[in-house]
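What follows is one structure encoded as C-alpha cells, with my remarks underneath.
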Amino acid sequence: EAAKDVARVLASMNEMVMARLYAHSDMLELARYSDVPVINGLTDYNHPCQIVADALTVEEVLGDTIDGKRIVYVGDGNNIVHSWIELAAIAKIDFVCACPEGFEPDAGLVARVQASGVGTVTVTHDPVAAVKGADAIYADVWASMQQKEEAAMREAVFAPFQVNEELMAASGKPSTIFLHCLPAERGRETTDGVMESAQSHVFRQAENRMHAQNAIMVYCAGAAPPP
Ligand code: NVA
Numbered sequence: 391e392a393a394k395d396v397a398r399v400l401a402s403m404n405e406m407v408m409a410r411l412y413a414h415s416d417m418l419e420l421a422r423y424s425d426v427p428v429i430n431g432l433t434d435y436n437h438p439c440q441i442v443a444d445a446l447t448v449e450e451v452l453g454d455t456i457d458g459k460r461i462v463y464v465g466d467g468n469n470i471v472h473s474w475i476e477l478a479a480i481a482k483i484d485f486v487c488a489c490p491e492g493f494e495p496d497a498g499l500v501a502r503v504q505a506s507g508v509g510t511v512t513v514t515h516d517p518v519a520a521v522k523g524a525d526a527i528y529a530d531v532w533a534s535m536q537q538k539e540e541a542a543m544r545e546a547v548f549a550p551f552q553v554n555e556e557l558m559a560a561s562g563k564p565s566t567i568f569l570h571c572l573p574a575e576r577g578r579e580t581t582d583g584v585m586e587s588a589q590s591h592v593f594r595q596a597e598n599r600m601h602a603q604n605a606i607m608v609y610c611a612g613a614a615p616p617p
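Per the working numbering, the very first residue in the sequence shown carries number 391; after that it's consecutive.
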C-alpha cells in the first residue's frame, strides 16, 4: 500500500502520527500527504527522537548545556549518526564518528552541517585517537534492523570498534560517560562491563526517550492547526 494512501487514512482518524519505517522516502511521503503532524520514529536514514533524548541526557548528566561537548560515536555511520550530525547544525557540539572504511555517514549531510558553522563534525577511522578527550562515547548495534543478514560480515569488520573498558579508558578522563540507544548486543559493539559501569547512563537515556517524546508531542500539538 502506498505511503500516501496510509497517510490520508491515518490523518483522518488521528491528531498526530508517529511512524517507525525502514525507507526514509516513505516517511517523507507520509508527511507530505498527511494534514496532521508526522513524527519520525526511526528510518534507515535517521532517528531524530532518539537524539533529542540523548541531548537531554548529556545536559542532565554533564551540565546545563550540550554546547562545547565532544560526543564521540564509535561504530557504523548509520541513522543515529545522521541525527547527531543534524543536531550539530543547530547546537555547538563537536561530534566525531569513528567508523570502519566503507561505513561512513552521508558525506553530503556532513558537508551541509559543516557549512552551517554551528557545531563541528569529524569522520575518522581511528577509534582510539577519536575518543581522546571525549565527554561522551556512544555505541549502537553494528547491524541495524534491516541489516541483520549482514551481521556475521559486520562482526569481523567492526571488531576493532568495540566500546570496551580499554576504549573507555582511552578518553583519558574518568568523567567520560557511555551512551547507547539500545537495544544493545553485549559482547559485540560494547561489553557487559561498560554497560554496567558507573560511566554508563544508558537507562537514564532510555527513560529520557519518554520525556523527550512527550515534549515533541506537546510541540506538535501546539504547532498543529485546530481540528
Ligand atoms: N541503528 C539502530 C537503532 C535502533 C534504535 C537500528 O536502526 O536498528
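C-beta: ideal position from N, C-alpha, C; glycine also.
- Checking the DSSP bridge columns, you'll see Val531 has no partner listed.
- Excluding five sequence positions before and after Met417, the CB atoms of its chain that fall closer than 7 Å to its own CB belong to Ala409, Leu411, Asn430, Thr433, given in chain order.
- The beta carbons of Phe548 and Thr510 sit no closer together than 8 Å.
- According to DSSP, residue pairing for Leu569 in a beta bridge involves Tyr528.
- Looking only at Ala397, Arg460, Pro490, Val500, the smallest Cα-Cα distance to Ser473 is reached by Val500.
- The C-beta distance from Ile461 to Asp530 rounds to 13 Å, too long to meet the 8 Å contact threshold.
- Distances taken from the Cβ of Asp496 to the heavy atoms of the ligand NVA include none shorter than 7 Å.
- Distances from the CA of Phe551 to each of Lys538, Thr581, Leu572, Gln537 were compared; the closest alpha carbon is that of Thr581.
- For Phe493, the three-state secondary structure derived from DSSP is coil.
- Counting C-beta atoms within 10 angstroms of its own C-beta, Gly467 has 16 or more neighbours from the protein chains shown and is therefore classed as buried.
- Residue Cys489 holds the alpha-carbon nearest to the alpha-carbon of Arg544 among Cys489, Leu400, Pro517, Ile483.
- Leaving aside the five residues that flank Gly523 on each side, the residues in its chain whose CB is nearer than 8 Å to its CB run, in chain order, Arg460, Ser561, Gly562, Lys563.
- When distances are taken from the beta-carbon of His570 to the heavy atoms of the ligand NVA, even the shortest one reaches 7 Å or more.
- Remark: C-beta atoms of Thr447 and Gln595 approach each other more closely than 8 Å.
- Cβ contact annotation for Ala541 (same chain, cutoff 8 Å, sequence separation greater than five): Trp532, Ala533, in chain order.
- From the listed residues Ser415, His414, Ile475, Phe568, the smallest Cα separation to Val584 is found for Phe568.
- Collapsing the DSSP output to three states places Asn430 in a strand.
- At a cut-off of 7 Å, the beta-carbon of Val531 counts as near the ligand NVA: some heavy atom of the ligand is closer than that.
- Here Glu419 is buried: its Cβ has 16 or more other Cβ atoms, across all protein chains shown, within 10 Å.
- The beta carbon of Gln589 sits no closer than 7 Å to any heavy atom of the ligand NVA.
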